[in-house]
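Asker: Chains P and Y, in that order, are what the protein sequence lines are. Residues 91 to 619, numbered by my numbering, are exactly what the first sequence covers, in order. Residues 68 to 315, numbered by my numbering, are exactly what the second sequence covers, in order. Provided herewith is a single structure, encoded as structure tokens, for subsequent inquiry.
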Amino acid sequence: MNPQSVRYPIESQIRGREALKSASERFPGRLKTHPDRRSTYLDTFDWRLYRDGGSLLSSTDGRVTVLRWNCLDGTPVFRARLRANPEFAWDLPASPFRNALDSVVEMRRLLLRLEITSRGETLHVLDANQKTVARLHFETASATGTGSVPKTLALPILLIAEPIRGYAREFQALVDLLEDEFQLQAASSDPLTMALETLGLEPSASSGRLTVQLAPEMRTDEATKRIHKELLQAILDNEEGVRQDLDTEFLHDFRVAVRRTRSALTQIKKVYPPDVVEHFKRQFAWLGQATGPTRDLDVYLLKMPDYRATLPEYLQTHLEPLQEFLIRHQRLEHRRLVEDLDSQRYSQLLESWRSFLDDPVPEAASATSDSPQAEIPVGKTASNRIWKAYRRVLKQGQSIDGGSPPESLHRLRIDCKKLRYLLELFRSLYDKQEMGTLVKALKRLQDNLGDFNDLEVQQATLQSFAHDMFQEGLATVETLMALGRLVDRLESRQAEERQRFQREFAKFASRKNRSRFRALFEQHETVAT
Amino acid sequence: MRVFATYNIKGGVGKTATAVNLAYLSARDGARTLIWDLDPQGAATFYFRIRAKVKGGGRKLLRGKRPLDVTIRGTDFEGLDLLPADFTYRNMDLDLVQSKKPTRQLARLLLPLALQYDYLFLDCAPSISLVSESVFVAADVLLVPTIPTTLSLRTLDQLDRHLQERRTTRPRLLPFLCMVDRRKSLHKRICASPHEHHPEMLQTVIPYSSLVEQMGLRRAPLPAFAPLAEPSMAYESLWTEIVNRLSL
Numbered sequence: 091m092n093p094q095s096v097r098y099p100i101e102s103q104i105r106g107r108e109a110l111k112s113a114s115e116r117f118p119g120r121l122k123t124h125p126d127r128r129s130t131y132l133d134t135f136d137w138r139l140y141r142d143g144g145s146l147l148s149s150t151d152g153r154v155t156v157l158r159w160n161c162l163d164g165t166p167v168f169r170a171r172l173r174a175n176p177e178f179a180w181d182l183p184a185s186p187f188r189n190a191l192d193s194v195v196e197m198r199r200l201l202l203r204l205e206i207t208s209r210g211e212t213l214h215v216l217d218a219n220q221k222t223v224a225r226l227h228f229e230t231a232s233a234t235g236t237g238s239v240p241k242t243l244a245l246p247i248l249l250i251a252e253p254i255r256g257y258a259r260e261f262q263a264l265v266d267l268l269e270d271e272f273q274l275q276a277a278s279s280d281p282l283t284m285a286l287e288t289l290g291l292e293p294s295a296s297s298g299r300l301t302v303q304l305a306p307e308m309r310t311d312e313a314t315k316r317i318h319k320e321l322l323q324a325i326l327d328n329e330e331g332v333r334q335d336l337d338t339e340f341l342h343d344f345r346v347a348v349r350r351t352r353s354a355l356t357q358i359k360k361v362y363p364p365d366v367v368e369h370f371k372r373q374f375a376w377l378g379q380a381t382g383p384t385r386d387l388d389v390y391l392l393k394m395p396d397y398r399a400t401l402p403e404y405l406q407t408h409l410e411p412l413q414e415f416l417i418r419h420q421r422l423e424h425r426r427l428v429e430d431l432d433s434q435r436y437s438q439l440l441e442s443w444r445s446f447l448d449d450p451v452p453e454a455a456s457a458t459s460d461s462p463q464a465e466i467p468v469g470k471t472a473s474n475r476i477w478k479a480y481r482r483v484l485k486q487g488q489s490i491d492g493g494s495p496p497e498s499l500h501r502l503r504i505d506c507k508k509l510r511y512l513l514e515l516f517r518s519l520y521d522k523q524e525m526g527t528l529v530k531a532l533k534r535l536q537d538n539l540g541d542f543n544d545l546e547v548q549q550a551t552l553q554s555f556a557h558d559m560f561q562e563g564l565a566t567v568e569t570l571m572a573l574g575r576l577v578d579r580l581e582s583r584q585a586e587e588r589q590r591f592q593r594e595f596a597k598f599a600s601r602k603n604r605s606r607f608r609a610l611f612e613q614h615e616t617v618a619t
Numbered sequence: 068m069r070v071f072a073t074y075n076i077k078g079g080v081g082k083t084a085t086a087v088n089l090a091y092l093s094a095r096d097g098a099r100t101l102i103w104d105l106d107p108q109g110a111a112t113f114y115f116r117i118r119a120k121v122k123g124g125g126r127k128l129l130r131g132k133r134p135l136d137v138t139i140r141g142t143d144f145e146g147l148d149l150l151p152a153d154f155t156y157r158n159m160d161l162d163l164v165q166s167k168k169p170t171r172q173l174a175r176l177l178l179p180l181a182l183q184y185d186y187l188f189l190d191c192a193p194s195i196s197l198v199s200e201s202v203f204v205a206a207d208v209l210l211v212p213t214i215p216t217t218l219s220l221r222t223l224d225q226l227d228r229h230l231q232e233r234r235t236t237r238p239r240l241l242p243f244l245c246m247v248d249r250r251k252s253l254h255k256r257i258c259a260s261p262h263e264h265h266p267e268m269l270q271t272v273i274p275y276s277s278l279v280e281q282m283g284l285r286r287a288p289l290p291a292f293a294p295l296a297e298p299s300m301a302y303e304s305l306w307t308e309i310v311n312r313l314s315l
């Protein structure tokens with residue numbers, strides 16, 4: 091309905107100035123030079139806003155910061171005036187802007203991703219009343235990436251035609267001049283994408299999903315090393331954010347990468363020498379444990395809004411001491427975690443792991459017989475492992491009925507986890523759509539089992555928090571009551587999850603899914619294990 | 068979309084200055100804002116340097132024959148659009164009377180705008196008529212600039228009583244004192260305790276200032292060309308007070 095600004099790359103500053111000058115002779119108006127303007131693109135570490143099709147641009151005049159959330163094509167979505175850049179979505183004042191931002195970035199910190207410095211001139215095209223009816227900007231700009239080694243590069247020089255609502259004719263005349271007489275062609279990409287391309291940044295690079303591409307005929311040890319290398323990179327990518335505690339997801343993704351590393355070590359059997367597996371299994375288990383306490387506290391802090399909403403209003407404020415308790419202990423645990431990351435054990439672990447992964451795979455690994463599966467094509471190994479893990483899940487799940495003890499559900503949860511890791515590690519070997527369907531189905535079941543387990547752990551943990559808080563003199567009677575109410579509520583929610591289990595499992599084990607698994611993974615020739 | 072109307076039965080009390088300046092501030096703060104100049108004199112339209120002309124005149128617009136959408140014009144300020152006045156708006160009463168439920172017609176026309184804008188300011192012509200009745204139906208809030216004189220306060224009272232008598236939903240009345248001249252003892256007395264004159268009377272007082280008159284010369288909202296001047300600051304605090312009062 092309303093035309094958007096059109097951006098035209100132009101080869102030189104001289105041509106740009108000339109074009110602006112001849113436009114100003116054609117259209118009555120006012121030319122204004124503007125000095126250097128600095129603005130910053132904010133986004134999360136995993137580029138959630140960009141991947142959602144938008145950009146969050148902050149510009150400041152030193153006094154006021156204006157935050158603009160636009161679609162990539164320039165359509166404005168939200169705008170706000172603030173004192174400073176928000177660090178999280180919840181730093182914005184309560185508004186539709188905050189709610190929408192929160193739903194996209196959630197708990198992730200808004201990092202300064204790119205800085206743009208621009209200067210130029212603007213022709214304000216005026217009508218007889220000196221009213222602006224269109225604008226033509228001539229702009230030269232440079233982009234600076236943030237990161238360990240920030241670099242600044244010049245962006246394409248641009249002429250930008252900006253329409254004003256209700257003055258379509260005047261805008262069209264301007265566009266005609268640029269396109270027909272000056273022979274300019276509109277830019278094909280939006281400003282943020284253009285800046286990212288200039289800097290050679292790839293926003294999809296850190297989205298948490300494994301991107302390693304395997305081929306079925308590849309040797310299993312070679313494929314496993316590739317998987318492990320990508321996971322090592324994920325650990326390294328997130329390490330700095332973990333150290334600085336920028337937001338909870340750095341540690342979360344760090345831990346996921348560690349768990350996947352261990353899972354690939356133990357689930358893909360007999361491809362590395364046993365002493366290697368044994369050593370690194372132990373080392374990564376240590377790293378997993380070292381990061382556990384901080385993550386647990388992070389999770390409880392993330393749950394606080396939900397906890398508050400669970401309670402009647404008069405008890406809600408009495409949860410404040412819990413929040414303080416969590417924050418204090420999280421800081422403590424985080425400091426310990428950083429000590430672990432600073433330790434020799436950690437740096438040696440990564441170093442020796444890296445050098446093991448960089449070693450070329452032995453020519454004839456099977457011959458040495460300590461890694462007999464190393465040379466088998468990874469396609470075979472993957473199907474074999476996934477099929478086994480899947481059968482296990484089915485068998486374990488089918489043995490559960492309404493009277494089974496909670497332990498049986500916990501066992502099934504672990505089996506599901508193993509299956510999930512295998513599906514994710516080997517995703518690239520199979521049909522994308524089919525894998526998507528199966529992972530989704532499995533995820534639903536896992537959510538149910540996860541919640542069931544989680545709710546139980548939460549009850550126990552909150553009770554022990556209550557105990558600790560009482561001893562630390564943090565808990566009033568009301569706080570203890572609020573915690574009691576909360577535990578009650580969690581217990582009944584856990585019962586609901588238990589109720590749901592049978593239904594969820596039946597869905598997962600449906601005939602359709604079973605034949606999908608069979609078609610993808612069942613192998614008719616026997617593979618020695 | 069929340070609808071504000073700057074309204075007073077009396078003329079020359081600063082309705083247009085209020086609508087123009089508050090709409091400007093709301094847009095500056097990031098809200099998508101539209102101002103509809105309903106006054107056939109077209110002062111608000113003039114302040115934004117836009118031609119006071121609607122294709123097909125007010126009649127087509129009010130009968131829904133011509134969508135409001137295509138009539139809207141962007142001002143020189145980001146996030147602030149204007150629906151221009153037209154001299155045919157002087158016949159708006161007649162145009163309205165011919166539609167089915169005349170007092171609801173205006174509200175009906177606004178519906179398609181609800182997703183495009185956060186705030187709409189209706190700048191009304193003085194008088195009490197079918198048009199003002201339509202405004203009472205369409206608006207969520209009536210902003211009533213009131214000069215601190217006995218007669219003005221009496222008119223405010225009349226308006227208040229008139230609204231109380233309405234059976235249907237009525238807009239919230241938010242009066243405030245304006246064109247206040249601190250040299251006049253009556254003004255000073257009335258301004259000492261604003262809410263005595265109306266329970267919802269806003270605390271902010273807009274002083275009399277020749278700068279407000281300069282809006283006609285500069286043809287721009289006051290905070291746009293004199294952001295630090297006393298009356299600009301007064302409009303700033305008025306807008307802040309309104310936002311807080313309504314918990315927007």
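Beta carbons are placed, not taken as given, at the ideal position from N, Cα and C, and that holds for glycine.
#1: Kindly confirm or deny that the region 292-312 of chain Y and the region 102-113 of chain Y touch, where touching means at least three C-beta pairs closer than 8 angstroms.
#2: Please report whether the beta-carbon of residue 257/Y lies at a distance below 8 angstroms from any beta-carbon of chain P.
#3: Please report the straight-line C-alpha distance between residue 380/P and residue 104/P, rounded to a whole angstrom.
#4: Of the choices 304/P, 463/P and 417/P, whose alpha-carbon is the least far from that of residue 363/P?
#5: Expressed to the nearest angstrom, what Euclidean distance is found between the alpha-carbon atoms of residue 266/P and residue 276/P?
#6: Does the Cβ-Cβ distance between residue 216/P and residue 249/P come in under 8 angstroms?
#7: Per the contact definition of three or more C-beta pairs closer than 8 angstroms, is the region 588-601 of chain P in contact with the region 167-180 of chain Y?
#8: Determine the direct distance from the alpha carbon of residue 322/P to that of residue 619/P, and round the result to whole angstroms.
#9: With a 10 Å radius around its C-beta and 16 neighbouring C-beta atoms as the bar for buried, classify residue 124/P as buried or exposed.
#10: At a cut-off of 7 angstroms, would you count residue 77/Y as near the ligand NAP, judging by its Cβ distance to the nearest heavy atom?
#11: If the criterion is Cβ atoms closer than 8 angstroms, does the pair residue 247/Y and residue 212/Y meet it?
#12: Entirely within the region 192-226 of chain Y and at least 3 residues each: give me those beta strand (DSSP E) ranges in chain order.
#13: Just to confirm my understanding: we take residue 185/Y, look at its own chain, exclude 5 residues before and 5 after, and list those with CB closer than 6 angstroms. What are they?
#14: Buried or exposed: residue 417/P, going by 16 or more other Cβ atoms within 10 Å of its Cβ?
#15: So, at 7 angstroms on beta carbons, what are the nonlocal neighbours of residue 199/P in its own chain, with the 5 sequence-adjacent residues on each side left out?
#16: Taking the alpha-carbon of residue 95/P as reference, which of 136/P, 255/P, 607/P and 452/P has the nearest alpha-carbon?
#17: For the beta strand (DSSP E) that residue 461/P lies in, which residues bound it at each end?
#18: Residue 141/Y: which of 69/Y, 94/Y and 153/Y sits nearest, CA to CA?
#19: Going along chain Y, which residues have a C-beta under 8 angstroms from residue 220/P?
#20: With H, G and I counted as helix, E and B as strand and the rest as coil, what does DSSP make of residue 122/P?
#21: Taking 8 angstroms as the threshold (beta carbon to beta carbon), is residue 224/Y in contact with chain P?
#22: Going by other Cβ atoms of all chains shown within 10 Å of its Cβ, with 16 needed for buried, is residue 650/P buried or exposed?
#23: Give the interface partners of residue 140/Y over in chain P, defined as CB-CB distance under 8 angstroms, in chain order.
#24: Could you tell me which residues DSSP pairs with residue 170/P in its beta bridges?
#25: Does the beta-carbon of residue 342/Y have 16 or more other beta-carbons within 10 angstroms, so that it is buried, or is it exposed?
#26: Below 8 angstroms on the Cβ atoms is my guess for residue 227/Y versus residue 240/Y; work out the distance and round it to an integer in Å.
#27: Quick check: is the beta carbon of residue 148/Y nearer than 8 angstroms to any beta carbon in chain P?
#28: I'd like to check one pair, residue 584/P with residue 524/P: are the Cβ atoms closer than 8 angstroms?
#29: Based on the DSSP secondary-structure assignment, which residues constitute the bridge partners of residue 144/P?
#30: For residue 247/Y, which of helix, strand or coil comes out of DSSP?
#31: Excluding five sequence neighbours on each side, which residues of the same chain lie with their C-beta closer than 6 angstroms to the C-beta of residue 378/P?
#32: Assuming residue 102/Y is part of the beta strand (DSSP E), what are its boundary residues?
#33: Straight-line CA distance for residue 212/P to residue 122/P?
#34: Quick check on residue 420/P: buried or exposed, where buried means 16 or more other Cβ atoms within 10 Å of its Cβ?
#35: Alpha carbon to alpha carbon, how far is residue 471/P from residue 444/P?
#36: Excluding sequence positions up to five away, which residues of its chain have a Cβ less than 6 angstroms from the Cβ of residue 191/P?
Answerer: This is what the structure holds:
#1: no
#2: no
#3: 60 angstroms
#4: 463/P
#5: 12 angstroms
#6: no
#7: no
#8: Because residue 619/P sits at a pLDDT of 46, beneath the cut-off of 50, its placement in the model cannot be relied upon, and the point is left open.
#9: exposed
#10: The model on display carries no ligand, and the ligand NAP is accordingly not part of it.
#11: no
#12: 208-213
#13: 98 and 99
#14: exposed
#15: 134, 177, 178, 336 and 337
#16: 255/P
#17: Element bounds for residue 461/P: n/a, residue is neither H nor E.
#18: 94/Y
#19: 116 and 286
#20: strand
#21: no
#22: An answer regarding residue 650/P cannot be provided, because it is not within the stretch 91 to 619 covered by chain P.
#23: 254, 255, 256 and 257
#24: 157/P
#25: With chain Y covering only 68 through 315, there is no way to say anything about residue 342/Y.
#26: 6 angstroms
#27: yes
#28: no
#29: 161/P
#30: strand
#31: 348
#32: 100-104
#33: 5 angstroms
#34: buried
#35: 24 angstroms
#36: 179
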